[in-house]
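Everything in the sequence shown is counted per this note's numbering, starting at 27 for the first residue and increasing by one.
Note that CB positions come from ideal geometry on N, CA and C, so glycine has one too.
These figures come from a predicted structure and were not determined experimentally.
Below is one structure, written out as structure tokens; the observations come after it.
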Amino acid sequence: MTASKSAGDRGRPAANPPIDLVSCVSGLVLAVDGGMATELAPDRLTPMEFRLLRHCREERECTATHLAQALPVDGSRISRIVTGLVDRGLLRRRRLRNDRRIVMLRLSEEGAELTGRVIERVERYDARLLAGLGAEEMRVFTDVTARIVANHAASREAG
27 MTASKSAGDR GRPAANPPID LVSCVSGLVL AVDGGMATEL APDRLTPMEF RLLRHCREER
87 ECTATHLAQA LPVDGSRISR IVTGLVDRGL LRRRRLRNDR RIVMLRLSEE GAELTGRVIE
147 RVERYDARLL AGLGAEEMRV FTDVTARIVA NHAASREAG
């Protein structure tokens, strides 16, 4: 028996030390969001505006309802963001001919160019954050993150 284990501890794995999840996640969010805000500042974009533009780039064309579900953000906030981006000439609205109630959103030429440039800057920043991490570490990080998110979803459904 090792000096660190008492007789009652034999056969049980050592308990994991407590983790300050809030501090860990807060530090990660600060690193990611802080860097993203710095990369977006020259183009006067907020992180949510960038996420919306990037999603529109990936989808080519979508509705505000789709964006609200995909991001996820409430519909009124999406509407305000979309209006601001349309006013800045970064997004275009198009009503469907067969159902005028449906408004499709797509990047304008200027919006596509801007989004492409910003994506490149954000990807370079992300690469700096991930420097020195190997494929296995990234796999574990992704798996752990997915598990925590799933646990959160399950706890919300349960109670």
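Closest residue to M62 among A176, R147 and G185 (Cα-Cα distance): Cα-wise, what sits closest to M62 is R147.
Buried or exposed (CB count within 10 angstroms, at least 16 for buried), A90: With 16 or more Cβ atoms within 10 Å of its Cβ, A90 is classed as buried.
Other residues of its chain near R165: CB distance less than 6 Å, five sequence neighbours each side excluded: none
Length of the line joining the Cα atoms of R126 and R118: Taking C-alpha positions only, R126 is separated from R118 by approximately 15 Å.
DSSP-derived helix/strand/coil call for S30: With a pLDDT of 48 at S30, under the threshold of 50, the predicted position of this residue should be treated as unreliable, though the coordinate-derived value follows. Looking at S30 - three-state DSSP - the assignment turns out to be coil, as it is neither helix nor strand.
Coarse secondary structure for R119, derived from DSSP in three states: strand
Residue range of the beta strand (DSSP E) that includes L111: Unbroken run through L111 is the alpha helix (DSSP H), G101 to D113; no beta strand (DSSP E).
Given M130 as reference, the closest of D59, L93 and L56 once Cα atoms are compared: L93
A96 at chain C interface by Cβ criterion, 8 Å: Although the question refers to chain C, the structure presented lacks it and comprises just one protein chain.
Cut-off 6 Å between Cβ atoms - residues of its own chain near Y151, not counting five sequence neighbours on either side: Closer than 6 Å at the Cβ level, and outside the excluded window around Y151, lie G61 and E65.
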